[in-house]
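The structure under discussion appears below in the form of structure tokens.
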Amino acid sequence: MRKNTFEWFRLDNAAKIFPGQNSRTWSNVFRFGVELKEEIDPAVLEKALERTLKRIPSFNVRIRNGFFWHYFEKNPEKPLVCPDINNPCYRINFKENNGFLFRTYYHGRRICVDVYHALCDGYGAVIFVSTLAAEYLRLKGYSISHNEFVLDVNEQPKEEEMEDAYSRYASSRVKFDRGDKWAYHARGTRVPRHTGNYMTGIMSFKQVHAIAKGYGVTVTELFTAMLVDIHYRKQLRENKKQKEISVQVPVNLRKAFPSKTLRNFVLCLVVRINPNLGEYTFEEILRSVSLQLRLANDPKMINSLMTENLKIERNPVARLLPLPVKDLGVGITFLITAEQKTSILLSNVGLVKLPEEMYELVEKYIFYTGAGKLNGARCSAMSTGDTLIFGFSSCYEETDIQREFFTRLVKMGVHVKIESNRD
Amino acid sequence: MSYCVNCGVELDVSARKCALCGTAVYNPNENGDKQKEAVRPFSEYIYLPEELSPYGRKKLILAIITTVMLIPNIVCILLNLTLFKSHPWSLGVISGSLFLWSAFVFPFVMKKPRPYILWAADSILACLNALVFVWLYSDMKLLIECLLPIIASCSLCVLAYMLWYRRKRHIILKIAFVFLAFSLVCLSSGIILKLSGLLAFGTEIGIICFVSFLAIACFFFYCYSSKTIRRWASKRFFF
């Protein structure tokens, strides 16, 4: 590996927008965690974290301000391990937490990591958390092998894991029209600043998969359609001017473009339903969502979207603007567009395959996207073995969307267990 | 193992109520102590991070704006001292810039905006600005008879509005009072201009403006008092 990729490196294309979005009260942070079958020893966890950071140096960084761009620099400080808190994913401040852009917590049998999105996407975070948990278990005396999700900490970090894969694969000549419109937001009473309403439904993957299969769709498509349907009916009940309901579905680009990067390599597809076109049944919504997702999830379409994003970064005028101006521009654009144009976010990491020995030692995974600024539902899903977890993060007190979603699943015959930070 | 009788979902052993519907957990077969002992899925400790000062980024923007405003002043002073030495005209530019800075930049310099300080600063700088212009281009009689009374009447109206605004008011009422304040400023300015001899039809023009603004204010007062009109307006003009 070249020396400078380790000492300092540029933010990837997607990461560039996150520092600009940062405010005093909100940052784009998400939480991954593992629940083991035994109590966590913080001293061992600290040791495991240090060893994991040596293997995954893209996490062992602090963010610095250049004149034109932010950049990551190797962090000489020691990472902190703290007891868990009730309000995960609160804002990131670059000067706190010894400069690290992730926070590690332990609580009972859980190890949780709040990750700033500029560091990595969900896939990268899963690998980091799985490697951390495996290393913790190894230090506790268990023998754990390696696989795609659990890296060998004794190996040297690879350059391909640190690459900005967007610039490698973006090559389309077609201009992509996003066609965003103002979307509906299910609003309610705001929770106090720096807190959120976090809830997880734990269910059997096989049961949900069987239902999705019955409809002829994937699990992501089923969940997306359910969320759209709930929002659609909620908006109808509100009896106001009907706005579009749009769902942002991040897609892991590693499936379409062969990259092993542990940094951001994800793009958001948008699925929309316009209630002004007429009345929809759940089956119609499901069909529309499924078709839209399958149509948009085309490598060529994704490439054009990726190229469009990269074009902004490579624009000579944009490049010459000083960093504060860029950040201000990103911040204002984020306020005007971003969440204003999406009703729901659904991030499905998919199936995480662990080494065989780990299944006996791991109870389940935890995944939450941070609570948004406007969205009533920012959802996260992932599965390990037969356990599927579906998380809701909301900035509102009301839980009507969550209740509707989980009770629908119960009515479909799925056994759901609920965990929340507010019960 | 507890289930919510309302939603049908399983709840955590430590749960005191259903997170979805708020139904309290009551399990007669289980000991209450067991529920207390169970490790809750989330820690109960809420960490509230230190409130960050909004001043950080703002300070830089304000410094840029102030520098941009400072450049023409410096250029004017230099020109006044070297090329166009006839009279100290650059003082006019400086006082004008100072007034603009106090009106549009100074509120953001303060960590917590204090309206009465801003009001006082704006009024004093407006008077100072008038004083400089009158000293540069006219006689002091105009200042005493016309400009100062107009500025005083304007600031009195603003002060009255600020005092009234201290309590939470309906948006329509706020708009109505803005127009009412405008009408009073127009009337007083018209009378002052007539008395100073600057405008022959000062009072008449002042009365016309006063009546027009008063009519608009009355319309808004009526909208505020009539629910039917408010409903109609919200339907017609919503955006």
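Here the protein sequences come in this chain order: U and V.
At position 12 of the first sequence (counting the first as 1) the number is 12 in the working numbering, and the numbers step up by one without a gap.
At position 68 of the second sequence (counting the first as 1) the number is 68 in the working numbering, and the numbers step up by one without a gap.
Think of the CB as a built atom: it goes at the ideal place given N, C-alpha and C, for glycine as much as any other residue.
For clarity, every value in this text was computed on a predicted model and none was experimentally measured.
Contact between the segment 142-156 of chain V and the segment 181-189 of chain V is defined here as three or more beta-carbon pairs at a separation below 8 Å; is this criterion met? yes
If you follow the alpha helix (DSSP H) that U/I202 is in, where does it begin and where does it stop? Here residue 202 of chain U refers to the residue found at position 202 when the first sequence is read from its first residue. Where U/I202 is concerned, there is no enclosing alpha helix (DSSP H), although the beta strand (DSSP E) it sits in stretches over N197 to S204.
Please specify which runs of the alpha helix (DSSP H), each continuous and at least 4 residues long, are wholly inside the segment 205-242 of chain U, giving them in chain order. 205-215 and 219-238
Residues within the segment 23-51 of chain U neighbouring chain V, beta-carbon criterion of under 8 Å: R24
Closer than 9 Å at the beta carbon, the chain A residues around V/Y47: Note that chain A does not occur in the displayed structure, where the protein chains are U and V.
Taking one C-beta from the segment 73-93 of chain U and one from the segment 15-30 of chain U each time, how about it: are there three or more such pairs within less than 8 Å? yes
How big is the Cα-Cα spacing for U/S383 and U/G20? Locating residue 383 of chain U in the first sequence gives position 383, where the first residue counts as 1. Locating residue 20 of chain U in the first sequence gives position 20, where the first residue counts as 1. In a straight line, the C-alpha of U/S383 is about 32 Å away from that of U/G20.
Just list the residues that DSSP pairs U/W8 with in beta bridges. Residue mapping note: residue 8 of chain U aligns to position 8 of the first sequence, counting from 1. Bridge partners of U/W8: U/E73.
Proximal residues of chain V, C-beta to C-beta of U/E244 below 7 Å: The residue labelled residue 244 of chain U in the question sits at position 244 within the first sequence. Going along chain V, no residue has its Cβ under 7 Å from U/E244, so there is no contact; the nearest lies around 17 Å.
Chain U within 7 Å of V/L62, Cβ atoms only: Numbered from 1 along the second sequence, position 62 holds the residue referred to as residue 62 of chain V. Chain U, which has no Cβ nearer than 7 Å to the Cβ of V/L62, makes this no.
What is the rounded straight-line gap between the Cα of U/R403 and the Cα of U/N239? Taking the first residue of the first sequence as position 1, residue 403 of chain U is located at position 403. Taking the first residue of the first sequence as position 1, residue 239 of chain U is located at position 239. Going from the Cα of U/R403 to the Cα of U/N239 covers about 21 Å.
Would you say U/V113 and U/T104 are within 7 Å of each other, going by their C-beta atoms? Here residue 113 of chain U refers to the residue found at position 113 of the first sequence. Here residue 104 of chain U refers to the residue found at position 104 of the first sequence. Yes, Cβ-Cβ distance for U/V113 and U/T104 is below 7 Å.
Can you tell me whether U/Q156 is buried or exposed? The criterion is at least 16 other CB atoms within 10 Å of its CB, across all chains shown. Looking up residue 156 of chain U in the first sequence gives position 156. Exposed.
Can you tell which of U/I111, U/N13, U/L132 and U/M199 has its C-alpha closest to the C-alpha of U/S420? Indexing the first sequence from 1 puts residue 420 of chain U at position 420. Ranking U/I111, U/N13, U/L132 and U/M199 by Cα distance to U/S420 puts U/M199 first.
Contact with chain V by U/P19, beta-carbon distance below 7 Å: For the purposes of this step, residue 19 of chain U is taken as residue 19 along the first sequence, with counting starting at 1. It does not; no Cβ of chain V falls within 7 Å.
Quick one: what does DSSP say U/I389 is sitting in, helix, strand or coil? Position 389 of the first sequence, counted from the start, is the residue given in the question as residue 389 of chain U. U/I389 falls in the strand class under three-state DSSP.
Tell me, to the nearest whole angstrom, how far the beta carbon of V/F220 is from that of V/I172; I am working on the premise that it is less than 8 Å. On the second sequence, residue 220 of chain V is found 220 positions in, with the first residue counted as 1. On the second sequence, residue 172 of chain V is found 172 positions in, with the first residue counted as 1. Indeed, because the Cβ distance is near 5 Å, the residues count as touching under 8 Å.
Given U/Y106 as reference, the closest of U/L295, U/I401, U/Q248 and U/V34 once Cα atoms are compared: As a first step, residue 106 of chain U is located in the first sequence; it is residue number 106 there, counting from the start. Ranking U/L295, U/I401, U/Q248 and U/V34 by Cα distance to U/Y106 puts U/V34 first.
Cβ atoms of V/S196 and V/S155: under 7 Å apart, would you say? Taking the first residue of the second sequence as 1, we reach residue 155 of chain V at position 155. Taking the first residue of the second sequence as 1, we reach residue 196 of chain V at position 196. For V/S155 and V/S196, no; Cβs fall outside 7 Å.
Is the beta carbon of U/I245 closer than 7 Å to that of U/R343? Within the first sequence, the letter at position 343 stands for residue 343 of chain U. Within the first sequence, the letter at position 245 stands for residue 245 of chain U. Residue identity differs from the one stated: residue 343 of chain U is Ser in this sequence, not Arg. For U/S343 and U/I245, yes; Cβs fall inside 7 Å.
Please return the same chain residues whose Cβ sits closer than 8 Å to the Cβ of V/S212, not counting the five positions on each side in sequence. For the purposes of this step, residue 212 of chain V is identified with residue 212 of the second sequence, where counting begins at 1. If we look at V/S212 and ignore the five residues flanking it on each side, its Cβ neighbours are S183.
Distance CB(U/S172)-CB(U/N276) smaller than 7 Å: The residue given as residue 172 of chain U occupies position 172 in the first sequence. The residue given as residue 276 of chain U occupies position 276 in the first sequence. Cβ distance not < 7 Å, so U/S172 and U/N276 don't count as in contact.
At the level of alpha carbons, what is the spacing between V/P107 and V/P113? For the purposes of this step, residue 107 of chain V is taken as residue 107 along the second sequence, with counting starting at 1. For the purposes of this step, residue 113 of chain V is taken as residue 113 along the second sequence, with counting starting at 1. Looking at the two C-alpha atoms, the distance is approximately 6 Å.
Label V/L70 either buried or exposed according to how many other C-beta atoms from any shown protein chain fall within 10 Å of its C-beta, with 16 as the threshold for buried. Residue numbering aside, residue 70 of chain V sits at position 70 when the second sequence is read from its first letter. Per the 10 Å Cβ criterion, exposed.
Start and end of the beta strand (DSSP E) containing U/Q248? Here residue 248 of chain U refers to the residue found at position 248 of the first sequence. It spans I245 to N252 - the beta strand (DSSP E) in which U/Q248 sits, taken as one unbroken run.
Does U/N465 have its Cβ less than 7 Å from a Cβ in chain V? This structure cannot settle anything about residue 465 of chain U, because the visible part of chain U is limited to 1 through 423.
Identify whether U/L351 lies in helix, strand or coil by the three-state DSSP scheme. The residue labelled residue 351 of chain U in the question sits at position 351 within the first sequence. Strand at U/L351.
Nearest by alpha-carbon distance to V/I46: which of U/S23, U/C82 and U/E46 is it? Taking the first residue of the second sequence as 1, we reach residue 46 of chain V at position 46. Of the candidates U/S23, U/C82 and U/E46, the one whose C-alpha sits nearest the C-alpha of V/I46 is U/C82.
Decide yes or no for the touch test of the segment 143-156 of chain U against the segment 354-367 of chain U: beta carbon pairs closer than 8 Å, at least 3 of them. yes
Going by DSSP in three states, U/A126 sits in which element: helix, strand or coil? Taking the first sequence and counting its residues from 1, one reaches residue 126 of chain U at position 126. The amino acid occupying residue 126 of chain U in the given sequence is Val; Ala does not appear at that position. Helix at U/V126.
Near U/S259, which residues of its chain fall below 8 Å by C-beta distance, leaving aside the five closest residues on each side in sequence? Against the first sequence, residue 259 of chain U aligns to sequence position 259. If we look at U/S259 and ignore the five residues flanking it on each side, its Cβ neighbours are E160, E163, A165, R168, Y169, L253 and F265.
Closer than 7 Å to chain U by CB, V/S43: If you number the second sequence from 1, residue 43 of chain V lands on position 43. Output row for V/S43: interface = yes.
Between which residues of its own chain and V/C157 is the CB-CB distance below 7 Å, once the five residues before and five after are set aside? As a first step, residue 157 of chain V is located in the second sequence; it is residue number 157 there, counting from the start. Within the same chain, V/C157 has close Cβ partners A181, L184 and V185.
Could you list the residues in the segment 4-16 of chain V with a C-beta less than 7 Å from some C-beta on chain U, going in chain order? C7, G8, V9, E10, L11, D12, A15 and R16
Please determine, among U/P299, U/Y368 and U/F392, the residue with the shortest C-alpha to C-alpha distance to U/D121. Start at 1 with the first residue of the first sequence, and residue 121 of chain U comes out as number 121. Of the candidates U/P299, U/Y368 and U/F392, the one whose C-alpha sits nearest the C-alpha of U/D121 is U/Y368.
U/V115 - DSSP class collapsed to helix/strand/coil: Counting from one through the first sequence, the residue named residue 115 of chain U turns up at place 115. Correct three-state label for U/V115: strand.
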